[in-house]
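Reading through the structure tokens given below for one structure.
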């Protein structure tokens with residue numbers, strides 16, 4: 001990324017590379033299930049319904065689709081669709097008339113989940129399964145977002161999709177149960193595990209660091225947990241690439257679990273330093289980062305010390321690889337420091 005360039009323009013140019021195939025035939029309609037009205041896909045135009053309207057991925061998908069005529073994103077959420085109320089799911093998704101459902105809504109309060117196990121499982125497991133089931137009833141695939149927290153972090157190097165899962169807490173366990181529920185409910189599923197998600201939207205580590213830097217001169221950050229910072233805007237771009245493949249190839253059969261994370265790795269303190277150094281370069285707040293150990297910052301839920309994910313399988317299947325996390329952080333920081341800027 002060129003310093004000073006508007007990252008919105010950069011991100012939209014990047015997203016243009018995921019345009020859906022202009023050669024795909026017009027579909028004559030899909031098999032109707034449970035009285036589905038059916039929706040004929042119009043040429044190369046694909047309609048995505050994404051759950052979790054207030055979340056980072058949903059907001060990023062809406063942003064990525066803005067100004068494009070080949071893809072439409074409909075964000076659905078509470079009260080119309082509430083994963084804690086399974087009876088709301090099918091009607092909300094049926095009304096959206098999607099070609100593909102993106103299941104991005106989740107209970108993400110990692111520590112609070114230790115005290116709210118029933119709610120975490122209701123949303124992340126039962127609710128996710130209901131979304132996948134609704135997609136199956138509508139005759140469409142589901143792309144479901146999962147997490148690095150399904151692993152215990154004891155592996156050397158980056159995790160691959162076939163590594164054993166062993167969540168450390170309720171949140172990870174609920175997301176792992178959600179993966180199983182999605183797979184059982186809809187054979188046409190892509191489960192995308194990601195990690196350390198941030199964006200200009202919602203609550204995330206980048207926003208927290210910028211806020212703290214405005215209030216203090218030094219910030220203590222854990223230095224012994226490693227992972228791949230992942231921009232939700234990059235996740236959105238990857239989803240559009242995957243959706244293009246699913247839309248163009250009705251015989252696509254490589255469904256299953258994929259890892260999807262930013263290129264490169266760092267620890268939380270290294271992540272924080274780059275955020276704040278980038279902020280300083282853009283004229284924003286800056287603070288010194290002091291390394292601490294996980295034991296110096298106790299939390300109710302244990303975190304994996306190694307959250308690194310290998311995204312090689314996704315890159316090989318869909319021909320898409322995330323930019324380096326440093327470049328994507330710069331884009332997010334620029335957007336956050338210049339919220340009114342338009343390209």
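Numbering (UniProt numbering), first residue to last: 1 to 343.
Here a beta-carbon is modelled for each residue, glycine too, at the ideal position from N, C-alpha and C.
Quiz prompt | Reduced DSSP secondary structure (H/G/I, E/B, other) of residue 49 | solution = What you label residue 49 is simply residue 49 of the chain shown in a count that begins at 1. Looking at residue 49 - three-state DSSP - the assignment turns out to be strand.
Quiz item: Roughly how many whole angstroms lie between the Cα atoms of residue 256 and residue 129?
Solution: Position 256 of the chain shown, counted from the first residue, corresponds to residue 256. Position 129 of the chain shown, counted from the first residue, corresponds to residue 129. About 15 Å.
Self-check item: Residue ranges of each alpha helix (DSSP H) within the segment 243 to 316, 4 or longer
Solution: Counting whole runs of 4 or more residues, the segment 243 to 316 contains the alpha helix (DSSP H) stretches 268 to 281.
Self-check item: Residue nearest to residue 189 in terms of C-alpha spacing, selected from 64, 132 and 113
Solution: Position 189 of the chain shown holds residue 189. Comparing Cα-Cα distances from residue 189 to each of 64, 132 and 113, the minimum goes to 132.
Exercise. Could you say which of 152, 85 and 221 lies nearest to residue 295 if we only look at CA atoms?
Key: Position 295 of the chain shown holds residue 295. Of the listed residues, the one whose Cα sits closest to residue 295 is 221.
Quiz item: What is the residue span of the alpha helix (DSSP H) that residue 138 lies within?
Solution: The count along the chain shown starts at 1 and reaches residue 138 at position 138. Annotation for residue 138: the continuous alpha helix (DSSP H) segment containing it runs 128 to 138.
Self-check item: Inter-residue spacing [alpha-carbon to alpha-carbon] between residue 277 and residue 283
Solution: Counted from its first residue, the chain shown places residue 277 at position 277. Counted from its first residue, the chain shown places residue 283 at position 283. CA-CA distance, residue 277 to residue 283, rounds to 10 Å.
Exercise. Classify residue 374 as buried or exposed, calling it buried when 16 or more other Cβ atoms lie within 10 Å of its own Cβ.
Key: Only positions 1 to 343 of the chain appear in this structure, which leaves residue 374 out of reach.
Quiz prompt | residue 160, DSSP secondary structure in three states | solution = Working through the chain shown from its first residue, we reach residue 160 at position 160. Taken through DSSP and simplified to helix, strand or coil, residue 160 comes out as coil.
Quiz item: Taking Cβ to Cβ, would you say residue 77 is nearer than 8 Å to residue 63?
Solution: Sequence index remark: in the chain shown, residue 77 carries index 77 (1-based). Sequence index remark: in the chain shown, residue 63 carries index 63 (1-based). No; because the gap between Cβ atoms is not below 8 Å, this pair is not in contact.
Quiz item: Who are the Cβ neighbours of residue 174 in its own chain at under 8 Å, not counting the five residues just before and after it?
Solution: If you number the chain shown from 1, residue 174 lands on position 174. If we look at residue 174 and ignore the five residues flanking it on each side, its Cβ neighbours are 107, 113, 117, 120, 121, 123, 124 and 125.
Quiz prompt | residue 357 to residue 270 span [Cα, whole Å] | solution = A query on residue 357 cannot be resolved here, the shown segment of the chain reaching from 1 to 343 and no further.
Exercise. Out of 219, 251, 218 and 206, point me to the one whose CA is closest to residue 231's CA.
Key: Along the chain shown, one-based indexing puts residue 231 at 231. Residue 206 is the option with its Cα nearest to residue 231.
Self-check item: Closest Cα partner of residue 158 within the set 313, 340, 245 and 178
Solution: The count along the chain shown starts at 1 and reaches residue 158 at position 158. Looking at the Cα atoms, 313 is the closest of the given residues.
Quiz item: At what residues does the beta strand (DSSP E) containing residue 110 begin and finish?
Solution: Indexing the chain shown from 1 puts residue 110 at position 110. Residue 110 -> no beta strand (DSSP E), and no H or E assigned at all.
Practice problem: Would you kindly report the start and end of the unbroken alpha helix (DSSP H) that includes residue 60? | Solution: As a working note, residue 60 is residue 60 in the chain shown. Going by DSSP, residue 60 is part of the alpha helix (DSSP H) stretching over 56 to 65.
Exercise. Return yes when the C-beta of residue 114 is under 7 Å from any heavy atom of the ligand PLP, and no when it is not.
Key: Annotation note on the ligand PLP: not contained in the displayed structure, which lists no ligands.
Practice problem: Report the residue from 148, 91, 241 and 281 whose alpha carbon sits nearest the alpha carbon of residue 61. | Solution: If you number the chain shown from 1, residue 61 lands on position 61. Looking at the Cα atoms, 241 is the closest of the given residues.
Quiz item: Which residue's Cα is closest to the Cα of residue 337: 280, 319 and 301?
Solution: Position 337 of the chain shown, counted from the first residue, corresponds to residue 337. Measuring from the Cα of residue 337, the nearest candidate turns out to be 280.
Practice problem: Could you check the C-alpha separation between residue 162 and residue 252 for me, to the nearest Å? | Solution: Reading the chain shown from its first residue, position 162 is the one you call residue 162. Reading the chain shown from its first residue, position 252 is the one you call residue 252. Between residue 162 and residue 252, the C-alpha separation is close to 21 Å.
Quiz item: Using 8 Å as the threshold, is the segment 132 to 152 in touch with the segment 97 to 105, meaning 3 or more CB pairs across them?
Solution: Segments in contact, yes.
Quiz item: If you count every other CB in all the chains shown that lies within 10 Å of the CB of residue 167, and 16 or more means buried, which is it?
Solution: Within the chain shown, the letter at position 167 stands for residue 167. By the 10 Å Cβ count, residue 167 comes out buried.
Quiz item: If residue 333 sits next to residue 275, beta carbons under 8 Å apart, how far is it from one beta carbon to the other, in whole angstroms?
Solution: Locating residue 333 in the chain shown gives position 333, where the first residue counts as 1. Locating residue 275 in the chain shown gives position 275, where the first residue counts as 1. 6 Å between Cβ atoms; contact.
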